[in-house]
Every structure is written in C-alpha cells, then in structure tokens.
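Worksheet: one structure, shown below.
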Amino acid sequence: MAVNADDCRLYVQAQPAAPQLSALCRQLAAAGGPDAYSCGQRLKGLGIAELARGPRNTLEALTPLLADAGWACWLLPAPSPPACPPRPLQTFEQRDESLWFHCDAGRFELTADDPAPLLIVADLSGQAVAAHLRRQLARHSYGQGADSAAASLQRLEKDIFQHQPRLDLYWRDASGTLLRAVRIRPGSFDHRQLGDQASLSRNANLLALLQRIRQCCPAASLHQTLGLAFLPDYPLQLPATDEAELQRNAQALTGYGQLMATIEQANALQSAVEQPAALTGAENGILLAAGATLPSPLGDTAATAPSETAANPPTPDSAPAPLPPPPEGAALAGRRWPLAPAQLAVFAIASLTALLTQLQPHWLRPLLGGLLHSGLLAAGAALLCLISAFRALHLKHCIAHTPTSRIRSLAMGRVEIQGQARRLYALVSPLTQLPCVYYSLKRYRRNAKDNGWDLVSSRSSGAVPFALEDATGSIRIDPAGARLRPSQTQEIFGNSHLPLATGLANNEKWREEIIADGAPLYVLGYAHSRRQHADRQGLLRQRLRDLKQDRAKLRDYDRNGDGRIDSQEWDEARQEQQRQLLLEQLRPDREAEAETWVGRPPGRWQPFLIAEQLSETELGRGYGLSFVLLLLVGVALAVWALLLAGSYFTLWPGC
C-alpha cells in the first residue's frame, strides 16, 4: 500500500523524568514541532506517545533533535485498518511444553521456539489509568516527583487486573510481521488448565494465564500503557460506563497493539541493517517508504524495543523540594471580575433592563422611551466605548514603548519581562488537576430555551504568587490586580468522561482556564524593591549593635591591644561596616528575586498584564484592533445620540 508522505506520525518513548527537557522542548517548537508546553506534556510519562503529525519532511527535521537528546523516536505513516485483529478466545489448554488457544479462526499453538510474541494488556473500563493519573498528578503537585517506571508499571498492572482487563496475544514471524492474534477476557477459558495457579477470581486467573505465557516464552514483550500517553488515534474513554464505550476502548486496544507491533518490527529492521547509528535523511526516507518506520538514530540503547519491562529511564540527580500549600484561602476566595468596569456597567444596565421588562411596571415604558428617544442611553454607551478605546490605546502604547528587560538586570519601575512560569506553591487546577500558577473555573447550565448557557458559579485561584524565570534568573510575581490572559482552556460537558470531573449533570459544563506550570508568559507590570524604602542608616545601626555584642569581632578592631575600643578604633569599625553594607547592596551576583518582585503599579491607570504564549507584537496588535473597533462604535453611538437629542429637545427642528 502506498504511503502518504503528507500524513505521518512521529512517536517517542515518553519518560517519567528527564533532565534538560525545557531546552529540548524549545528546540522542537522552533524546528516546527508543537509548542514547548505541548512537547513537555507529551515527552513526560510512560509508554509510546505521539509527539507530532504532519508531512514527512517536517517531522524529519525533529528527529535529529530527539536523537541528540537521547530519545527513542519512530516516524510512521498514518494508521491503517488493522491487518490482524485479535479473535475472541473460546478455550485454552496446556499440553506438555506448549499452550493451545482455540478461537473461531482455528487452533493456535504457542511454544518456546516461536518468535517473541507480543502481549498487550489493558483495562477497558479506564479506571486503572484514571487511578494512575491521579497518583502521578498528586505526587507532582506536591513536589514529590514521578515514580520510577518499574514501580509505576507494577502498580498499574495490579490496578488493571482489579477492573475489566483484556489480554491480547499476537503471534509473529521472524521478521516481526503479525500472523494471528487472540483476545482473552476473564472467564473465557477453563481455569482448571492453570493447575495450582487457578483460583475463584476470573481476573486473577487471567493474570495467572499471563504469567504462564511469559514463562512459556520468556522473550515475549509486554505493553500495558494504553491511555497513559498522548495517542489521539487510539483514545481511551475514562471511565467507560456503557457497552458502547467499552467497545470503543476495545477498538483502541486493537489499534494500540498494531502500533506496538509496527514499532517493534521497525526496531528489528534497524538492528538488521548494517548502517551507522545515525542515518541520513535519505536513508530515513527509504525506510519510511517501505512502510515500516523511521528507526531512531540513537545507538544501541535508544534503538531497542520500548518494552515497559526495560530498565528505568534516567532520573535527575536530586528530587525537588516539596512545595508548600497555597496561602490560606487563596485558592477558594480569590475571585476576580472577568469583565472590565465599563463592560460590567453595560452588563448591569442590560440585566436591570431585562428584569424590569419581565416585571413590566406601569412607569417603565415612558421611562425607557424617554431615555432612548432623548439619546441618553446612546450617549452613555458611547462614553463607555470611548473610555474603553482609550484604555486599550494606552495599554498598546505601554506595550510598544516599554523595553523587554532581563531579570538579572531589572530596573525599578514599569518593566516588561518574558519567561517561564514556575510554581512557588503546590497549586493545581480543580478540574484537570494540572500543576498551574493560576486557574479560573466556571460552571454553566443550559438555559430553559436550550439556546445558550447560563453561568452558575465561578471561582479562581486568586492572587497566588509565582516565579518567572528566564536565562538570567528568576523573580517573584504577585498577580494581585493583574489582567490575566490564559491561553489553555478546557471544557468538560456532562456527557464526557474525565477522571477527575464528577458531579456534572448532562445539561451542565465546566470551563477551566489555566496558566500551567512551565508555560511561557509575558508580564507588563511594576518592579518593586524590597530595599526601595529601606533606611541604610538604620541597617548600619543594626550592624553596629550586633558588632558590639560580638566580642570576638570587636577584638579585630583593637589595634593597640589594650582590651578596649577607643573612639578612633570605633570610627574604623563604623567605616568598615558601612563599606561592607554598601558592597552587599551592590554585589552583582545577588539573585534578583531576593531583592525585587513584580506586582501592581502604584498608579490606578498604569497597566498590569500577564499573558500566556503571546509576544509583544501580538499583544500590541490585539489592543490596537480593539482601540479602532471601540472608537468606531463609540463615535457612531455619539453621533446617534446627538441626532436623537436634537430631535427630542427640538434643538434641530429639521432632524
């Protein structure tokens, strides 16, 4: 079958923890891959993940970067219908040193002489994956780091066999091509064939059969990470509650098995090719055109089959210190008006008008008629639009004329900085449970007319401080009073399934906006100094008081050795302490975050903006467009108000 070079997939072997990940993600994004945050989410974890999709030549530009960083990767064509779908097992029996599996397609024998079979294990209910995700998110949220691969897989296997496990067994020839397959479900075979390992639990019997197969064929490869990594072609419903969802998960399991077989076949193909480890782009194209894979040019370690039973991936030298919980009440009480004051006023007027229209008091019609025909309503709306327009223009001017600063050389006053957000507290979003520095969660309910959504409740994380870091250092950001613009939005409806979204009716939905930990941020604010109002003389007096109480240090200034400090010696001590204080305050290698922070400007009309994944040019263009639109609407409303007023008050009788 011909390979479509314009629709390919780049898969990687995800790792629970990896050093230098941020730099790799930035390189991949610059080379045409997904954004840095998406790369980081897809590279971290367990199992095989899809990093990117698109034309072959675009994806080939990413493989050298992954190779240099030590990541196993495979470039494959888009998935095709399964060539060897597993057949349901009808019965199983053991004869001497072989295992026999009966299905509607025939009787299949498995012996130790067979080429390494492929074993795929998954929980079709999705509950095992959901439990694993909750554990890993909880560990990461509180700074405990990820479990090792071996520990995670051991716990995952235990969870799988507590719900609705399925075991797919694939036979392969010496080249890795799939020959036949069976799907084994609990209770589909005579458990007495297991002998002493048989039990009264159907799931336990299936686990015992898996162990028996691995004893018969020690070279068998096992994969059990379906649902843990980003594989949009093989989605796993979490959790699956009805037969239709279980069937979709079964189809995803079939596709996942075909993918694992293709990847292992590619690894076998690479090991058989007498070529250097680093393949050229032309050689990679030949392997892809053959319909097999793009073997990873990573040497012996990275090119081996990515079985989850392999050794643990590299881990950082030291685990990060646990983060403290957010400040008391910040995550619950920190609400922020989602509208600007002008928009809020318009919303309040419209709501009051709608309420009065429903009540319809006798005085309402003449009042509304007078306000409308006199032009007062149009004039008020014009004034609000013009105020908002010039605020947008002021913000655009501040963005365009504030130079971008490095954190190490930050000056006091209005500043513009860019970097990555880093948590200072163990803050996680309540819906998706992602580590973040800010979240906003709104709950909507479909209205009675079924033509829109009504806001039921709203909450946000509030002003939880976080850090912003660039290549030169990091600085504390206090977001109180900032205009926040998250770009990551998640909507969960009542009929969808998310492991951590519960208590949602079918006519409701959640909308969550977050600024994730590690997200790129643009900050326009005001840099404050912790020493800005410090009294240097007061600091000097404190140092001198401390010196008087330290007799050992005082003896250093006793020049004549008489055991007492005279006035001349005390003046020398004072000058020395003053010099040390000045050197400490001017020391260039002091961390910026220890001295300064960025927060709300002192002036009411000065801007304070925190935007995610937006450059200075994009922000300025957006506010410039807002200014033009609001100005046009405001001028049009003002002209209309003048015409209405002239007609109403007969200032211009001809109107």
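Numbering (this note's numbering), first residue to last: 428 to 1082. Every residue gets a Cβ at the ideal spot worked out from N, C-alpha and C, and that includes glycine.
Spatial neighbours of residue i within its chain, please: CB distance less than 8 Å, with the 5 preceding and 5 following residues excluded, ordered by chain position.
i, result
"residue 953", "840, 841, 842, 1025, 1026, 1027, 1028, 1029, 1033, 1035"
"residue 579", "443, 473, 559, 563, 573"
"residue 639", "521, 526, 621, 624"
"residue 971", "1000, 1001, 1004"
"residue 1008", "963, 966, 967, 970"
Any idea what DSSP makes of residue i, helix, strand or coil?
i, result
"residue 524", "coil"
"residue 809", "helix"
"residue 992", "coil"
"residue 1053", "helix"
"residue 515", "strand"
"residue 439", "strand"
"residue 876", "coil"
"residue 682", "helix"
"residue 449", "helix"
"residue 668", "coil"
"residue 1071", "helix"
"residue 997", "helix"
"residue 871", "strand"
"residue 837", "coil"
"residue 1044", "helix"
"residue 831", "strand"
"residue 623", "helix"
"residue 600", "coil"
"residue 983", "helix"
"residue 605", "strand"
"residue 898", "coil"
"residue 616", "coil"
"residue 577", "helix"
"residue 654", "coil"
Quickly, what does DSSP pair residue i with across the bridge? List them, please.
i, result
"residue 536", "527"
"residue 462", "Beta-bridge pairing links residue 462 to no other residue."
"residue 1039", "948"
"residue 893", "850, 904"
"residue 643", "Its beta-bridge partners do not exist; DSSP assigns none."
"residue 866", "941"
"residue 584", "Bridge partners of residue 584: none, in fact."
"residue 648", "545"
"residue 595", "547, 610"
"residue 919", "937"
"residue 887", "867"
"residue 1091", "The question about residue 1091 has no answer here: the residues shown for the chain are numbered 428 through 1082."
"residue 844", "950"
"residue 855", "862"
"residue 912", "1038"
"residue 882", "871"
So, at 7 Å on beta carbons, what are the nonlocal neighbours of residue i in its own chain, with the 5 sequence-adjacent residues on each side left out?
i, result
"residue 1047", "823, 826, 827"
"residue 619", "625"
"residue 659", "477"
"residue 935", "870, 871, 872, 921"
"residue 986", "996"
"residue 609", "513, 514, 516, 528, 530, 535, 596"
"residue 547", "595, 650, 680, 683, 684, 687"
For residue i, collect the residues of the same chain with a Cβ closer than 6 Å to its Cβ; drop the 5 residues on either side in sequence, then sort them by chain order.
i, result
"residue 1067", "805"
"residue 496", "451"
"residue 1065", "809"
"residue 611", "516, 594"
"residue 532", "514"
"residue 454", "492"
"residue 909", "1035, 1037"
"residue 676", "551, 663, 664, 667"
"residue 602", "none"
Could you check whether the Cβ of residue i sits closer than 8 Å to any heavy atom belonging to the ligand HEM?
i, result
"residue 631", "Of the ligands one can find in the structure shown there are none, so the ligand HEM has no counterpart to examine."
Is the segment 942-956 touching the segment 873-880 in the sense that three or more CB pairs, one from each, lie closer than 8 Å? Segment contact: the segment 873-880 against the segment 942-956, fewer than three CB-CB distances shorter than 8 Å; contact not assigned.
Starting from the N-terminal side, write out each stretch of the beta strand (DSSP E) that is 3 residues or longer and does not extend beyond the segment 935-980. Contiguous beta strand (DSSP E) elements confined to the segment 935-980 occur at 935-943, 947-956, taking only those with 3 or more residues.
Pairing CB atoms from the segment 455-474 with CB atoms from the segment 648-660, are three or more of them under 8 Å? Verdict: yes, contact present.
Within the chosen definition, does the segment 614-626 reach the segment 439-458 through at least 3 CB pairs nearer than 8 Å? Taking a cut-off of 8 Å for Cβ pairs, the segment 614-626 and the segment 439-458 do not touch, as fewer than three such pairs fall below it.
Three-pair Cβ contact test at 8 Å for the segment 449-467 versus the segment 854-868: Result no; under three Cβ-Cβ pairs closer than 8 Å.
Does the count of Cβ pairs from the segment 483-491 and the segment 577-585 closer than 8 Å reach three? Fewer than three beta-carbon pairs drawn from the segment 483-491 and the segment 577-585 are found closer than 8 Å, and the two stretches are therefore not classed as touching.
Which runs of the alpha helix (DSSP H) spanning at least 4 residues fall entirely within the segment 470-506, listed in chain order? Secondary structure remark: continuous alpha helix (DSSP H) runs of at least 4 residues inside the segment 470-506, in chain order: 483-487, 490-496.
How about the segment 536-544 and the segment 626-636: do they share at least three Cβ pairs that are nearer than 8 Å? No, because fewer than three Cβ pairs between the segment 536-544 and the segment 626-636 fall closer than 8 Å, the two stretches do not touch.
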